[in-house]
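Numbering (my numbering), first residue to last: 2 to 199. To start, the structure itself, in structure tokens.
Shown next, in the form of structure tokens:
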């Protein structure tokens, strides 16, 4: 939804997808559907060529550790995990340097928690020149989902399965309940992560 607003609002928008190698296959269907909805604007895929997926990152570093801490009570995750840093943050920063972007769009929704995250993000990463279309438009996650569905686009399957986010299957930031659900829904992912953790 943030991409759609950005395309309508700004003259030149480059859409970027950061590949982690651990997404649900249905995400790629959703990506194609969104490209059509965006008027054919392609979403370019970028990847850290040093790693195939999150398991490569864990194997390389030998653990799941955080790279650094963020300020207390900031609304941001207390840690940036090695997978996020290696597969998303480093790739995004490299693209940012190459393309010298004026602004970057982030999809933080209109809620107290997400507004606090956005403010903190702006303070920690001012060089990203972030903009937050969903917050500017006052759109919550549920409202965004409704708009997407009303456009005839089926939501990603992980949402339909009851997951809060559509990120990597087996996200190491997930809590006990999340992992109990992964164990039932994606036993292969659960077992692979259990083996990796040893």
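For every residue, glycine included, the Cβ atom is placed at its ideal position computed from N, Cα and C.
Relative to the Cα of residue 167, the nearest Cα in the group 157, 18, 136 and 150 belongs to 157. Of the other Cβ atoms in all chains shown, fewer than 16 fall within 10 Å of the Cβ of residue 114; this residue is therefore exposed. C-alpha of residue 162 to C-alpha of residue 179: approximately 12 Å in a straight line. Counting only runs of 3 or more residues that sit fully inside the segment 7-71, the beta strand (DSSP E) segments are 16-19, 44-47 and 67-70, in chain order. Taking C-beta separations shorter than 6 Å and ignoring five residues to either side along the sequence, the partners of residue 46 in its chain run 18 and 20, following chain order. The C-alpha of residue 165 lies about 17 Å from the C-alpha of residue 140. Residue 6 is positioned such that its CB atom lies no closer than 9 Å to that of residue 40. Distance from the CA of residue 104 to the CA of residue 98, rounded to the nearest whole angstrom, comes to 12 Å. Taking residue 198 as the centre and dropping the five residues before and after it, the same chain places no C-beta closer than 7 Å to its C-beta. In the DSSP secondary-structure assignment, residue 105 is bridged to 131.
Ranked by Cα distance from residue 63, the first of 127, 110 and 83 is 83. The three-state secondary structure of residue 167, taken from DSSP, is coil. The segment 169-189 makes contact with the segment 21-30: 3 or more CB pairs, one atom from each, lie closer than 8 Å.
Counted as a single uninterrupted DSSP element, the alpha helix (DSSP H) harbouring residue 142 occupies residues 142-151.
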